[in-house]
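Peer 1: After the structure tokens below, expect a handful of questions from me.
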Amino acid sequence: MSLDGSWYLCLAAAVFTIGAVGLLVRRNVLVMFMCVELMLNAVNLTLVTFARMLDDIGGQALVFFVLVVAAAEVVVGLGIIVAIFRRRVGATADDLHLLRG
Amino acid sequence: MAEYLPIFTMLVLATLFAGLSFFGSAMLGPKKPTRAKEAPYECGIVPRSEPAERFPVRFYLVAMIFVIFDIEIIFLYPWAVIFRQLDLFGLVEMIVFALAVFVSFVYLISNGALDWGPVKRMRPAATAPSRTSDSTVRRIGRAEEAA
Amino acid sequence: MNGLPMNGLPMNGLLVAQAGQPEGLAPLELPNVEYSAMAPHLILIGGALVLLVWVAMVRRRPPWAWAAFTVAVGLASLGASWLMWLDVGRNGPRTAVADAVVVDGYSIFFMVLVSVIVVLGALMGESFLKREDIRGPEFYVLMLLSSSGAMFMASANDLVITFLGLEILSIALYVLAGLDNRRMESREAAIKYFVLGAFSSAVFLYGVALVYGATGSTNLGEIVGYLQSSVAPANGVLLAGVALLLVGFGFKVAAVPFHTWTPDVYQGAPSPVTGFMAAGAKAAGFAGLLRVFFATFDTLKLDWQPIVWVLAVATLLVGSVLAIVQEDIKRVLAYSSISHAGFVLIGLQAANEKGLAGSLYYLLTYAFMVLGSFTVVTLVGRKGDARHDLDAYRGLSARRPALALAFTVLLLAQAGIPFTTGFLAKFYVISAAVEGRSYSLALIGMLSSVVAAFFYLRITVLMYMSTDEEEAEEARTEPLAIPRSMAVVLAVSVAFTVAFGLLPAPVIDFARDATLLI
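First to last, the protein sequences are chains A, B and C.
Per the working numbering, the first sequence starts with residue 1187, numbered consecutively.
Per the working numbering, the second sequence starts with residue 414, numbered consecutively.
Per the working numbering, the third sequence starts with residue 14, numbered consecutively.
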């Protein structure tokens, strides 16, 4: 039982969309964070699928870089979140209202 | 596919049984809710406040440091697989990479990120310039009035 | 066993190597890593690492020495860039490090620009950090790393390198935006920038993946080869990928409708960081954008030109109209930076050589203008970095005539008054649009610069208005000190803006040479 590559691409597109929509509608910063991860991993799935379809190792090598960059982003993001929400109970984006105009 | 049929049958039966028993107990059982029954714990000490959910920042810090150094290893694996073929070139490149990672490690240690136990402050506590001891007294006073 | 495809993937002899008989293998084709092709980038990264070790090892920590070191690193990378420029002038452009990096006039142009921004940024930062009592070398380290990312974006010949450059640039900037972590505004700016920046990077990366799937490579040269050789290159996957790349870049350069983060982040971030962001991050975003669209997707011109047209019009109009209603100087400058991005997009939309040269010239001159402007904003913001409402500028000329004069020059240059570089930059991109027969866009550009002139003039008039007694009293109690390093930044940016406005040839030639060498 093997699936055509386009199924994986569609799955990746769906996951990416879920992540993107989630990032835009959810208010909890940590959930927004997970949505970013969802998007990046959807890209990873796309890359691996294309690498397999094109019979080319380059796409898989790119996944390594994406993983490392995602980790770096997570750490920096978590650092910022910890710094900002240290004195608060919930991590809600609605609390961020100082900057507007 | 045929050999999976018993598993599917099993799954369906299990779901049906679980669903039916929930449904049955909800339909047949008598319901007489009291306050004691609705409390999170029916026995023991009555909870008076929410449990503290905050961890010391140090936990997050160590987790973050772990994540970042853990993920660097990802580049060591492909190198380790073919390092004989890469020969001197691979070694030099990997030393360059490891050096860059190591410098950040040195920075972490020097900043006390890995010191456990009583906190030695490298820098003065981060408070807003507008916060003085007077404003703190006022703030806490307000909080106590409100409580 | 060796070389036979298994599971659809080529085996590169891994199992053989493990079995310990390497002599039976074809030797790997090792890439030739020419460090000299990335000398300015490596100087910046090396400088950052040395700074980190220095801080870790030496107990005495003189902050001015870090700033001086950063300036020295910036000057060294400027020198290295200049040597590379001479080398490329003699031997022509080339690609290096297995085709991943390109050394041409275009990339070196941005290396020069970024090095200058590092030098000025470090000078700006030094007295700011002292005033706000922000200790530690993080500002300099992050700025150096961020700048190296900007350089990688300009010299990338592979979408992977562009992506890595983008991330190196952005991740350091997220932290820089939250550097003043005692101020809630700064932390809020950091998290807003982070969430939207991470979103845009993910979108950009998805674009890379789709382009890779459609063309079979992430290398810009190979993509060009594919586009030229294939009969019907514009399939859905490729176009979707190109569109997503445009969105990703659009976020970085703050093009409408991807600009929503800009005013908040510019307002909340520490003022010198905002200056660095406006000059460096925008230049880097455009460095990637212009290379990918001008050089690589040139054959798809008819597909992306209309989209860029819409982006440019929206960016020009939204930027200059919304700037009028702002009451905070940093928000005004944020919206003005959005409208400047619109002008650079005019150059991209023209899609001719003049447009590219105009965009490069615009980015170079804008960097000086905006760094100078944010130096003034930093100074007027005083301790606490808080006094940024427009009223703080009322009567500035009476208290600090030189400062008011410098700010006037910089603002008028941004408005595009003749005899300044700002005028020439606007003229250059608009004439490129006329040459590219986008008359309507040229007209909208001129219209938007007229609208924009209004709010620049408003600030200027405020500075020359007389103060009432209450404010004069406040000015006496809270004098506005101008540290020497800030004065240097101001002098350099004003001198550049005026001198090359009167004598435009050298800089225009520099920008034109940068495009000829691609």
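All C-beta atoms, glycine included, are put in the ideal place defined by N, C-alpha and C.
1. Does DSSP put M24 (chain C) in a helix, in a strand, or in coil?
2. Spatial neighbours of L251 (chain C) within its chain, please: C-beta separation below 6 Å, excluding the five flanking residues on both sides.
3. Taking its Cβ as the centre, do 16 or more other Cβ atoms sit within 10 Å of S160 (chain C), making it buried, or is it exposed?
4. In chain order, what residues of the same chain have a beta carbon less than 7 Å from the beta carbon of L218 (chain C), not counting five sequence neighbours either side?
5. Please tell me whether Q427 (chain C) and M382 (chain C) are closer than 7 Å, where the distance is taken between their beta carbons.
6. Please classify S386 (chain C) as buried or exposed, where buried requires at least 16 neighbouring CB atoms within 10 angstroms.
7. Let's see if you can read the secondary structure: which residues bound the beta strand (DSSP E) around A109 (chain C)?
8. Relative to chain E, which residues along the stretch 59 to 72 of chain C have a C-beta separation below 8 Å, given in chain order?
9. Span of the alpha helix (DSSP H) holding V383 (chain C)?
10. Does DSSP classify D316 (chain C) as helix, strand or coil?
11. Counting contacts by CB-CB distance shorter than 7 Å, is T1203 (chain A) in contact with chain C?
12. For G503 (chain B), collect the residues of the same chain with a Cβ closer than 8 Å to its Cβ; drop the 5 residues on either side in sequence, then sort them by chain order.
13. In the stretch 113 to 186 of chain C, which residue ranges form an unbroken beta strand (DSSP E) of at least 3 residues, counting only runs that do not cross its ends?
14. Skipping 5 residues on each side, what residues in its chain have a beta carbon closer than 8 Å to that of E340 (chain C)?
15. Based on the DSSP secondary-structure assignment, which residues constitute the bridge partners of D565 (chain C)?
16. How many whole angstroms separate the CB atoms of S140 (chain C) and M499 (chain C), which I take to be in contact at a CB cut-off of 8 Å?
17. Rounding to the nearest angstrom, what Cα-Cα distance links A415 (chain B) and A167 (chain C) in this structure?
18. So with Cβ pairs under 7 Å, would you call A512 (chain C) a contact of chain B?
19. Could you round the C-beta distance between A222 (chain C) and F1271 (chain A) to whole angstroms and report it? I think they count as a contact, below 8 Å.
20. When the Cα of G435 (chain C) is compared with those of C:E448, C:K396, C:G514, C:G368, which residue comes out closest?
21. Does the stretch 372 to 382 of chain C come close enough to the stretch 348 to 360 of chain C to have 3 or more Cβ pairs within less than 8 Å?
22. Show which residues of chain C have a CB atom less than 8 Å away from the CB atom of L499 (chain B).
23. On the DSSP bridge assignment, give the partners of N232 (chain C) in chain order.
24. Please confirm whether Y490 (chain B) has its beta-carbon closer than 7 Å to some beta-carbon of chain C.
25. Could you work out which residues of chain B lie near V1261 (chain A), taking near to mean beta carbons separated by less than 7 Å?
26. State the Cα-Cα distance for the pair V1234 (chain A) and V1252 (chain A), rounded to the nearest angstrom.
27. Does the beta carbon of G191 (chain C) sit closer than 7 Å to a beta carbon anywhere in chain A?
28. With DSSP run on the structure shown, which of helix, strand or coil describes V1261 (chain A)?
29. Is it the case that the Cβ atoms of F1219 (chain A) and G1265 (chain A) are separated by a distance below 7 Å?
30. In chain order, what residues of the same chain lie with their CB nearer than 6 Å to the CB of E36 (chain C), ignoring the 5 residues before and after it?
31. Rounded to whole angstroms, what's the CA-CA distance from T391 (chain C) to Y473 (chain B)? Just pull it up for me.
32. Check whether the Cβ of F1250 (chain A) lies closer than 7 Å to any Cβ atom in chain B.
33. Just how far apart, CA to CA, sit A81 (chain C) and V1201 (chain A)?
34. Going by the CB atoms, is the gap between A211 (chain C) and V1222 (chain A) shorter than 7 Å?
35. DSSP three-state label for M440 (chain B), please.
36. Specify the secondary structure class of T447 (chain B) as computed by DSSP and reduced to three states.
Peer 2: If we stick to the structure as given:
1. Because M24 (chain C) sits at a pLDDT of 41, beneath the cut-off of 50, its placement in the model cannot be relied upon, and the following sentence gives the value as read from the coordinates. Annotated three-state conformation of M24 (chain C) is coil, per DSSP.
2. A227, listed in sequence order.
3. Counting the other Cβ atoms within 10 Å of the Cβ of S160 (chain C) gives 16 or more, which makes it buried.
4. Only residues of its own chain outside the window of five on either side were considered, and among them F176 have a CB closer than 7 Å to the CB of L218 (chain C), listed in chain order.
5. It is a contact, given that the beta carbons lie within the stated cut-off.
6. Note on S386 (chain C): 16 or more other CB atoms within 10 angstroms of its CB, so buried under the neighbour-count rule.
7. Counting along the chain, the unbroken beta strand (DSSP E) around A109 (chain C) starts and ends at 107 to 109.
8. Going by chain labels, chain E is absent from the structure shown, which instead holds the protein chains A, B and C.
9. Run containing V383 (chain C): 366 to 394, per the alpha helix (DSSP H) assignment.
10. D316 (chain C): helix per DSSP, three-state reduction.
11. With a threshold of 7 Å between beta carbons, T1203 (chain A) makes no contact with chain C.
12. Counting only Cβ-Cβ distances below 8 Å, and skipping sequence neighbours, we find W492, I495, F496.
13. Fully enclosed beta strand (DSSP E) runs of 3 or longer: 114 to 116.
14. Take E340 (chain C), set aside five residues on each side of it, and the residues of its chain with a beta-carbon closer than 8 Å to its own are D402, L403, in chain order.
15. The displayed coordinates of chain C run from 14 to 531. Any statement about residue 565 (chain C) would go beyond what the structure contains.
16. Between S140 (chain C) and M499 (chain C), the beta carbon gap of about 6 Å places them in contact (Cβ cut-off 8 Å).
17. Near 59 Å, if we compare the C-alpha coordinates of A167 (chain C) and A415 (chain B).
18. It does not; no Cβ of chain B falls within 7 Å.
19. Rounded, the Cβ-Cβ distance is 33 Å, inconsistent with contact.
20. Checking every option, the nearest Cα to that of G435 (chain C) belongs to C:G514.
21. Yes, they touch.
22. From the beta-carbon of L499 (chain B), the residues of chain C found nearer than 8 Å are L41, L43.
23. Its beta-bridge partners are C:D171.
24. No - not a single Cβ of chain C is within 7 Å of the one on Y490 (chain B).
25. Residues of chain B passing the Cβ test: M477, V480, I481.
26. V1234 (chain A) and V1252 (chain A) have their alpha carbons spaced roughly 12 Å apart.
27. At a cut-off of 7 Å between C-beta atoms, G191 (chain C) counts as an interface residue with respect to chain A.
28. Looking at V1261 (chain A) - three-state DSSP - the assignment turns out to be helix.
29. Taking 7 Å as the Cβ cut-off, F1219 (chain A) and G1265 (chain A) do not qualify as a contacting pair.
30. Confidence in E36 (chain C) is poor, its pLDDT being 49 and thus under 50, which makes the residue's placement too unreliable to answer from.
31. Rounded to whole angstroms, the gap between the alpha carbons of T391 (chain C) and Y473 (chain B) is 33 Å.
32. F1250 (chain A) counts as touching chain B.
33. In this structure, the straight-line span from the alpha carbon of A81 (chain C) to that of V1201 (chain A) is close to 48 Å.
34. Yes.
35. Assigned with DSSP and collapsed to three states, M440 (chain B) falls in helix.
36. Reduced to three states, the DSSP call for T447 (chain B) is coil.
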